[in-house]
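Going by our numbering, the sequence shown opens with residue -11, and the numbers climb by one from there.
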Amino acid sequence: MSDDEIKRLHEATVTVLQEWIERLREESGDGLPEKVTAFRPEIAVHGKYREPCPECGSPVQRIVYASNEANYCSTCQTEGKLLADRALSKLLKGNWPKSLEEMEERRAQAQT
Ligand SMILES: [Zn+2]
-11 MSDDEIKRLH EATVTVLQEW IERLREESGD GLPEKVTAFR PEIAVHGKYR EPCPECGSPV
49 QRIVYASNEA NYCSTCQTEG KLLADRALSK LLKGNWPKSL EEMEERRAQA QT
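Structure, rendered in structure tokens:
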């Protein structure tokens, strides 16, 4: 990742977190939020690997690292760039696709 990408990712993260702080504050009023869960329908792509992105309909991608999974939309969030994922790299035998279309083709081939 370049410095520019890191900067953009950081800014996007801060913006989204601030939106959520506002949203939860509005919902809970002066009390504490009651049902805080990481999986809410309003959260765009988290936990939605392979489901269509609510913004553009592209399949949500993931990066798996140890036991953590990060989800992202390559169309909306990374300008079509696919981020390297170790598990998938292994599956694709180092033959990393350059586009989402190519990625989907490779995935389909790997599963048959
Ligand atoms: Zn999208």
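Ideal Cβ placement from N, Cα and C applies to all residues, glycine included.
- Checking the 7 angstroms criterion, the Cβ of T66 is out of range of every heavy atom belonging to ligand 1.
- Spanning the alpha carbons of K36 and I51 requires a straight line of approximately 12 angstroms.
- Just so you know, the alpha carbons of M(-11) and C64 end up roughly 17 angstroms apart.
- Counting the other Cβ atoms within 10 Å of the Cβ of Q99 gives fewer than 16, which makes it exposed.
- Between Y60 and L76, the C-beta spacing is not below 8 angstroms.
- In the structure shown, the three-state DSSP call for V52 is strand.
- Distances from the alpha-carbon of E89 to those of A54, H(-2), R11, V48 put V48 closest.
- If you draw a straight line from the Cα of Q6 to the Cα of A54, it is about 28 angstroms long.
- K69 and H34 have their C-alpha atoms roughly 18 angstroms apart.
- Contact between A32 and E43 is confirmed by a C-beta separation of about 7 angstroms, below the 8 angstroms threshold.
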